[in-house]
Amino acid sequence: MSASSSGSRTHRLLAGAAAVLAIGALAAGDRTTAGGRVDVDALARAVEAEQDHVTAVELAAWIRDRKPGLRVVDVRVAADYAEFHLPTAENLSLTGLTRAAIRPDETVVLYSEGGTHAAQGWFFLRARGIEHVYFLRGGLYEWMTEVVNPTLPADASPAQRAEFARTAELSRYFGGVPRIGGGSGPTRVDDPAAKLPRRASDGDGAGAAAVQRVRQRGC
Amino acid sequence: MIFPLIDAEAGAGGAGLGVALVLGVAFGFALERAGLGSARKLAGQFYGRDLTVLKVMFSAIVTAALGVFWLSRLGLLDASRVYVPPTYLLPQAVGGAVFGVGLVAAGLCPGTSCVAAATGRRDGLAVVGGMLLGVLLFAEAFPLLASFYDSTPRGTLTFPNLLQVSPAVATAALVAMALGMSAGAERWERRAGAGGGS
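Chains as they are written, first to last, in this note's numbering: chain A, 52 to 270; chain B, 53 to 250.
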């Protein structure tokens, strides 16, 4: 008699555990790594509101200001990453991205050469339920033209000039060469800050050569 | 460590066979301790006297479902790599019926027949022998059966896909159903035990 009552107590305990786990499953929902559910409407709205990407200048400011929780991710192949990559960037393949551990308080910025792979990676991470994800709009190409070699047209408006002063400061921080006056005979900006030592994190010579190659390949 | 420990597509290597052996022995031990090595237990299910088999089956299903859900939810299991057998509607219905006739006639299923044989029951040995004979006949007759075997394919079906609900909802509904059924089975057994006696 006592054996059967202790048996039924065990059964009730097990049934209770199963019920708790089942209710917990409802509460936890499905944020599995493989095949999470995608709120397509929410993603489409984010894209329309242009909340899906950052510009090269915005990213440069984040890197320089050491934005807390920022993770810059290079989704190109390892060889390209080894040749040249943005300061503070880590290398993750697109398949690596679908499994990478990312904390909710981190802000992830993906970049590729042109921008397509990074945009696809953005979707993968959003599908995994990761909120703070952006991609570099024009990829490394935009970084080269907007941050490393920004150019102000000679006939720029005062507003454009003011904007360019900020960009030029960022550019110099990353070892760039801001120019004024379009394509022919670039002029160095006449600014004492231009004499500041370059502080790019990557080796300057190798970086410049790789920049040249990226530019030649285009996007 | 990421489950599944053995990749079905990687083939059965030495390590895979070792894991399968350990799991199989543990499974057989549990079946024997639950009394399922006895054909009387299974026959009791079909006479409605003893619903142990029903409860065992559903406790196994609930354990596996909750295990798969939570392990993959916690990132320990890659659920997309768990093998789900594809559905072939008609051949599987016919196969199920043949299997059912054998199950009722023998009072043992493939797993419990091995347990029964291992504990020295002669009916268990006979069922294992019959099972191997059936496997041989099926393999020899396969060219004749092949077109039927591959008919009415429906792909890999799962409840979440079929019912368009999330795995969490499907898992919770399954557990609720199993718990309700187990409670009902207990009540049925008590009434059958108290009322009849025969």
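Yeah, the Cβ is synthetic: ideal placement off N, Cα and C, and Gly gets one too.
Here the structure is a predicted model, which means the values were calculated and not measured.
Please state whether DSSP places F175(A) in a helix, a strand or coil.
On the first sequence, position 124 is the one that residue 175(A) refers to. Correct three-state label for F175(A): helix.
With 16 other Cβ atoms within 10 Å as the buried cut-off, status of G176(B)
Along the second sequence, one-based indexing puts residue 176(B) at 124. By the 10 Å Cβ count, G176(B) comes out buried.
Which of the three DSSP states, helix, strand or coil, is assigned to S92(A)?
Translated into the one-based positions of the first sequence, residue 92(A) becomes position 41. This sequence places Asp at residue 92(A); Ser is not what is there. Three-state DSSP puts D92(A) in a helix.
Between L215(B) and G165(A), what straight-line distance do the alpha-carbon atoms span, to the nearest angstrom?
By 1-based counting over the second sequence, the position of residue 215(B) is 163. By 1-based counting over the first sequence, the position of residue 165(A) is 114. If I take the Cα positions, the gap works out to 41 Å.
Indicate whether at least one CB of chain B lies closer than 8 Å to the CB of A153(A).
As a working mapping, residue 153(A) is identified with position 102 in the first sequence. One point to set straight first is that residue 153(A) is Ile, not Ala, in the sequence displayed. Chain B, which has no Cβ nearer than 8 Å to the Cβ of I153(A), makes this no.
H104(A) bridges to which residues according to DSSP?
For the purposes of this step, residue 104(A) is taken as residue 53 along the first sequence, with counting starting at 1. Bridge partners of H104(A): F186(A).
Examine chain B for any beta-carbon lying closer than 8 Å to the beta-carbon of A66(A), and answer yes or no.
Walking along the first sequence from the start, residue 66(A) turns up at place 15. Interface residue, yes.
Would you mind sorting Q211(A) into buried or exposed? The rule is 16 or more other CB atoms within 10 Å of its CB.
The sequence position of residue 211(A) within the first sequence is 160, counting from 1. Counting Cβ neighbours within 10 Å, Q211(A) comes out exposed, since fewer than 16 surround it.
Does the separation of the CB atoms of L77(A) and V114(B) fall below 8 Å?
Translated into the one-based positions of the first sequence, residue 77(A) becomes position 26. Translated into the one-based positions of the second sequence, residue 114(B) becomes position 62. Result no, Cβ atoms of L77(A) and V114(B) do not sit closer than 8 Å.
Starting from the beta carbon of A121(B), find every residue of chain A whose beta carbon is closer than 7 Å, and list them in chain order.
Working through the second sequence from its first residue, we reach residue 121(B) at position 69. Looking at the sequence itself, residue 121(B) is Phe, so the reference to Ala does not match. Simply A76.
Span of the beta strand (DSSP E), counted from its first residue to its last, around D125(A):
Along the first sequence, one-based indexing puts residue 125(A) at 74. Counting along the chain, the beta strand (DSSP E) containing D125(A) begins and ends at L121 to D125.
Count the CB pairs spanning the region 144-164 of chain A and the region 198-215 of chain A that are closer than 8 Å, and state whether there are at least three.
At 8 Å Cβ cutoff, the stretches do not touch.
With C-beta atoms as the reference, is A91(B) less than 8 Å away from G159(B)?
Taking the first residue of the second sequence as position 1, residue 91(B) is located at position 39. Taking the first residue of the second sequence as position 1, residue 159(B) is located at position 107. Their beta carbons are under 8 Å apart, which means A91(B) touches G159(B) by this criterion.
Name the residue from A230(B), G68(B) and V150(B) whose alpha carbon lies nearest to the alpha carbon of A116(B).
Position 64 of the second sequence, counted from the start, is the residue given in the question as residue 116(B). Cα-wise, what sits closest to A116(B) is A230(B).
Other residues of its chain near A169(A): CB distance less than 7 Å, five sequence neighbours each side excluded
The count along the first sequence starts at 1 and reaches residue 169(A) at position 118. Result list for A169(A): V126, L161, Y162, S163, F186, L187 and G190, in chain order.
Check the Cβ-Cβ distances between G80(A) and every residue of chain B, and say whether any is below 8 Å.
Position 29 of the first sequence, counted from the first residue, corresponds to residue 80(A). Yes, contact with chain B.
Mind checking which residues open and close the alpha helix (DSSP H) that includes R174(B)?
Translated into the one-based positions of the second sequence, residue 174(B) becomes position 122. Here the alpha helix (DSSP H) through R174(B) covers R174 to Y201.
Determine, using beta carbons only, whether A216(A) comes closer than 8 Å to chain B.
One-based indexing of the first sequence puts residue 216(A) at position 165. Not one chain B Cβ lies under 8 Å of A216(A).
Backbone CA spacing between V74(B) and E84(B) [nearest angstrom]:
Residue mapping note: residue 74(B) aligns to position 22 of the second sequence, counting from 1. Residue mapping note: residue 84(B) aligns to position 32 of the second sequence, counting from 1. When rounded, the distance between both Cα atoms is 15 Å.
Comparing the C-beta of A145(B) with each C-beta of chain A, is any distance below 8 Å?
To locate residue 145(B), count along the second sequence from 1; it is residue 93. Not closer than 8 Å to any Cβ of chain A, the Cβ of A145(B) fails to qualify, so no.
For chain A, check one thing: does any of its Cβ atoms lie closer than 8 Å to the Cβ of T208(B)?
Counted from its first residue, the second sequence places residue 208(B) at position 156. Not closer than 8 Å to any Cβ of chain A, the Cβ of T208(B) fails to qualify, so no.
Could you please give me the residues that DSSP links to G207(B) through a beta bridge?
In the second sequence, the residue the question calls residue 207(B) occupies position 155. Answer is T139(B), bridged to G207(B).
On a CA-only basis, which of V228(A), G226(A), A219(A) and E157(A) is nearest G180(A)? Give me that one, please.
By 1-based counting over the first sequence, the position of residue 180(A) is 129. Among V228(A), G226(A), A219(A) and E157(A), the Cα nearest to that of G180(A) is on E157(A).
Considering only residues of the same chain and omitting the five flanking positions on each side of A112(A), which have a CB-CB separation below 7 Å?
Stepping through the first sequence from its first residue, residue 112(A) is reached at position 61. Taken in chain order, the residues that qualify are L221.
Would P205(B) and Y140(B) be called neighbours here (beta carbons separated by less than 8 Å)?
Locating residue 205(B) in the second sequence gives position 153, counting from the first residue. Locating residue 140(B) in the second sequence gives position 88, counting from the first residue. Cβ atoms of P205(B) and Y140(B): closer than 8 Å.
Would A85(A) pass as an interface residue toward chain B - the criterion being a Cβ-Cβ separation below 8 Å?
The residue labelled residue 85(A) in the question sits at position 34 within the first sequence. Low confidence applies here, because A85(A) scores a pLDDT of 46, under 50, leaving its location unreliable and the question unanswered by this model.
Based on the DSSP output, what are the partners of N142(A) in its beta bridges?
One-based indexing of the first sequence puts residue 142(A) at position 91. Under DSSP, the beta-bridge partners assigned to N142(A) are D125(A).
Express the C-alpha separation of G207(B) and L197(B) in angstroms, rounding to a whole number.
Within the second sequence, the letter at position 145 stands for residue 197(B). Within the second sequence, the letter at position 155 stands for residue 207(B). One C-alpha to the other measures close to 20 Å.
Helix, strand or coil for T115(B)? Go by DSSP, reduced to three states.
Counting from one through the second sequence, the residue named residue 115(B) turns up at place 63. Note: T115(B) maps to helix in three-state DSSP.
Look up T158(A) in the DSSP assignment and give the residues it is bridged to.
If you number the first sequence from 1, residue 158(A) lands on position 107. According to DSSP, which records beta bridges pairwise, T158(A) is partnered with L121(A).
Going by alpha carbons, who is nearest to V134(B) out of G148(B), G119(B), L142(B) and G87(B)?
Numbered from its first residue, the second sequence carries residue 134(B) at position 82. Of G148(B), G119(B), L142(B) and G87(B), the residue nearest in Cα terms is G119(B).
Along chain B, which residues have their Cβ under 7 Å away from the Cβ of L72(A)?
Position 21 of the first sequence, counted from the start, is the residue given in the question as residue 72(A). L118 and W122, listed in chain order.
Rounded straight-line distance, which links the Cα of L94(B) to that of S53(A):
The residue labelled residue 53(A) in the question sits at position 2 within the first sequence. The residue labelled residue 94(B) in the question sits at position 42 within the second sequence. The predicted model places S53(A) with a pLDDT of 45, which falls under 50 and marks its position as unreliable; any figure quoted below should be read in that light. S53(A) and L94(B): Cα-Cα distance of roughly 26 Å.
Find the nearest neighbour of R157(B) within the set K107(B), S199(B), L142(B) and Y99(B), judged by alpha-carbon distance.
Indexing the second sequence from 1 puts residue 157(B) at position 105. According to the sequence as given, residue 157(B) is Ala; it is not Arg. Selected option, being the one with the closest Cα: Y99(B).
Nearest to T149(A) (by Cα), restricted to the options W173(A), H183(A), D90(A) and T139(A):
Along the first sequence, read from residue 1 onward, the residue named residue 149(A) stands at position 98. Measuring from the Cα of T149(A), the nearest candidate turns out to be W173(A).
Which of the three DSSP states is assigned to L129(B) in this structure?
Here residue 129(B) refers to the residue found at position 77 when the second sequence is read from its first residue. Correct three-state label for L129(B): strand.
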